[in-house]
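Student:
Chains as they are written, first to last, in full-length UniProt numbering: chain A, 1 to 538; chain B, 1 to 139.
1) Given that residue 288/A touches chain B, what residues does it touch there, using C-beta distances under 7 Å?
2) I'd like to know whether the C-beta atoms of residue 64/A and residue 16/A end up nearer to each other than 8 Å.
3) At the 8 Å Cβ level, is residue 131/B part of the contact set with chain A, yes or no?
4) Are there 16 or more other CB atoms within 10 angstroms of the CB of residue 536/A, so buried, or fewer, so exposed?
5) Using only the alpha-carbon positions, how far apart do residue 114/A and residue 52/A sit?
6) Where does the unbroken alpha helix (DSSP H) through residue 96/B begin, and where does it stop?
7) Quick one: Cα of residue 429/A to Cα of residue 532/A, how far?
8) For the structure I just gave you, are there three or more beta carbon pairs, one from the region 390-408 of chain A and one from the region 280-287 of chain A, closer than 8 Å?
9) With DSSP as the reference, please indicate the residues paired to residue 427/A in a beta bridge.
10) Can you list, in chain order, the residues of its chain whose CB lies under 6 Å from that of residue 60/B, leaving out five sequence neighbours each side?
11) Within the same chain, show all residues whose beta-carbon is closer than 6 Å to that of residue 135/A, passing over the 5 residues directly before and after it, in chain order.
12) Can you say whether residue 161/A is buried or exposed, counting buried as having 16 or more other CB atoms within 10 angstroms of its CB?
13) Below 9 Å on C-beta distance, what does residue 170/A contact in chain B?
14) Put residue 320/A into one of helix, strand or coil per three-state DSSP.
15) I need the straight-line Cα distance from residue 138/A to residue 164/A, nearest angstrom please.
16) Going residue by residue through the region 101-138 of chain A, where are the continuous alpha helix (DSSP H) segments of at least 4 residues, counting only ones entirely within it?
17) Distance check for residue 89/A and residue 54/A, CA to CA, integer angstroms please.
18) Taking the straight line between their C-alpha atoms, what separation do you get for residue 520/A and residue 506/A?
19) Go through its chain and collect everything with a Cβ distance to residue 175/A's Cβ below 7 Å, but skip five positions before and after it.
20) Where do the ends of the beta strand (DSSP E) carrying residue 13/B lie?
21) Tell me which residues share the same chain as residue 4/A and place their Cβ nearer than 8 Å to its Cβ, disregarding the 5 neighbours each side in the sequence.
22) Given a threshold of 16 other Cβ atoms within 10 Å of its Cβ, counted over all protein chains shown, does residue 60/A qualify as buried or as exposed?
23) Residue 231/A lies in the beta strand (DSSP E); which residues open and close that run?
24) Report the neighbours of residue 79/B on chain A: residues whose CB is nearer than 8 Å to its CB, in chain order.
25) According to the neighbour-count rule (16 or more other Cβ atoms, all chains shown, within 10 Å of its Cβ), is residue 45/A buried or exposed?
26) My assumption, with CB atoms under 8 Å, is that residue 189/A sits in contact with residue 214/A. Please give the rounded CB distance.
27) Tell me whether residue 96/A is buried or exposed, calling it buried when 16 or more other Cβ atoms sit within 10 Å of its Cβ.
28) In its own chain, which residues sit with a C-beta less than 8 Å from the C-beta of residue 66/A, not counting the 5 before and 5 after it?
29) Closest to residue 10/A by C-alpha separation, out of 453/A, 258/A, 126/A, would be which residue?
30) Who are the neighbours of residue 128/B on chain A, taking C-beta pairs under 8 Å?
31) Starting from residue 256/A, follow the alpha helix (DSSP H) in both directions and report where the run begins and ends.
32) Please compile the residues from chain B whose C-beta is within a distance smaller than 7 Å of the C-beta of residue 271/A.
33) Across which residues does DSSP place residue 281/A in a beta bridge pair?
34) Given that residue 285/A touches chain B, what residues does it touch there, using C-beta distances under 7 Å?
35) For the alpha helix (DSSP H) containing residue 385/A, name the first residue and the last one.
36) Can you tell me whether residue 512/A is helix, strand or coil according to DSSP?
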């Protein structure tokens, strides 16, 4: 008699019962060996009884048992409550049953360690001819429901919670995932969503290798632990991958993550929503850090540098340069730029160097500024500026021991010489080589500065983000009242990094004349008269 | 300790020779270009970092064909204290590059090169187009 209702099935006379007594008397493993024939026969249904689990949710019990035998195949079907027990059938799961036997048929209860689950397994309870359990139809119906033809999307998010599923069907079980993906081949799928399924093993994706229409795969919020799992995707046509929310992501920093994914899946163009490449070119990335821990140093350095450079006291930059530092400038018109007043780079050209034009190497020293005072002389001769940090790209190329190498590009606007001038926006590239001078401070030892016209797009995008204006007390030149003096002391402190006492001392010695005080500071610094303790972060 | 004129001259000479070799390799003989980099060399191309000869070579193989025109060249000897007294130069280049049949685009590139035996090798190579090629910028 064939049926699909387990309640109607009679236990076969060939059935062998395994319970805690039979397995724990040590004959257990011997018993299992003897019954290998039964376990190896894929057409035999085995019945599993979970004792004393009334009131507990089916999904919770089955999930606990599956987690316990993971990654071994174990597909429970036709879960039924019989009295105080939960029962289900499984087949073709020798290794899982062996594992359960080795642990005396006891499965720990994650929510109550004093009440573990005790199992009884009846091998060969029935055969597949007598008990027909066909989950295919049900799963196919659910897949149909979850498929959107208009967007060619199959959404298998949180699959096992689907209320239309009759069986406990979790995609974290490799065999179930394989089966479900196999069934999904009937659909034209471009976008496959497998989010929130606790998937740890991706090898079942093999069943959709031939799915040529698939371009987007969403694997967010699963349990993928190793990047190597993605190897299965290598030969596929997937161009967009979403991997966020998997444990493997935490093993990488931003840069090595992308590199690792690209290495395994070179065809991927978009990862976690970010474009990696387009039309054969790598996508633009704003910043690069050879080491994550260099970020703080570089942020501080650039903020400090450009704050001073753009201020009315550009000469204060002198303390950021090493005494024997070098600076050279190059400049270039963009192709097709006319030489009207707004495009003119004249002021930069006259201090520029270009080794391509110098046939006489003797001239090479002329435009190379050696020594911080010569450098400051050149920099202060250039027009006043305002940089737009939102246009900056930063490449920290080297950061080791006491040296850092960083290249910054971006735009700046020149201060208007007169009201009749139109605004000029120029592009720049600066490479700085920094060395540590102790106390977390770095000095510039080499700098190459390149100026060119800004492109049309650069001009359009510049200065669109309104910054909080810098405190206006930076422009106070003389302080008379206590309030003004306090403001100036604060400004002085933020420009020089000196602590409160030393800032006050410099200012007092110069009668609160900001310009004089800054010059005094620079002079003292140059002759090493400012001890390390004078600085705020000592 | 002043920087000697000969070091400055050497920087200029080496820069000219090296960049000539580099751009010729990039434009015409890419298959050997990873030899110009130290084993630990780093290349960044518009913010994408590539480390190690294998990755760098792979990048150049996949990059569409290029044709560079140099407009400005600058070079300095690097401060001894920064490079443990190992002779190294900082080079900055600007110019335009044509990829396949696309119109020329402005670029700036800066190299740090160091002597390894009788050859100059790239320690760091930072390439930036003045304007990104790709249409979406999600940073």
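Ideal placement from N, C-alpha and C gives every residue a C-beta, glycine not left out. Computed from a prediction, not measured in an experiment: that's the story for all the values here.
Tutor: On the basis of the supplied data:
1) 44, 47, 49
2) no
3) yes
4) exposed
5) 13 Å
6) That residue, residue 96/B, is in no alpha helix (DSSP H); its beta strand (DSSP E) goes 88-99.
7) 32 Å
8) yes
9) Its beta-bridge partners are 411/A, 452/A.
10) 30, 33
11) 167
12) exposed
13) Neighbours of residue 170/A on chain B: none; closest Cβ ~34 Å, over 9 Å.
14) Three-state result, residue 320/A: helix.
15) 8 Å
16) Secondary structure remark: continuous alpha helix (DSSP H) runs of at least 4 residues inside the region 101-138 of chain A: none found.
17) 18 Å
18) 7 Å
19) 73, 75
20) Note, residue 13/B: premise wrong, no beta strand (DSSP E); alpha helix (DSSP H) at 5-28.
21) 131, 132, 133, 134
22) exposed
23) Run containing residue 231/A: none; DSSP gives neither H nor E here.
24) 322, 324, 325, 326, 433, 435, 445, 446
25) buried
26) 6 Å
27) Buried, by the Cβ-count rule.
28) 74, 76, 170, 172, 173
29) 126/A
30) What residue 128/B touches in chain A: 393, 395, 407, 409, 429.
31) Its alpha helix (DSSP H) spans residues 254-264.
32) Neighbours of residue 271/A on chain B: none; closest Cβ ~11 Å, over 7 Å.
33) 278/A
34) 46, 47, 48, 139
35) Counting along the chain, residue 385/A falls outside any alpha helix (DSSP H), though it belongs to the beta strand (DSSP E) covering 385-387.
36) Per DSSP, reduced to three states, the secondary structure at residue 512/A is coil, with no helix or strand assignment.
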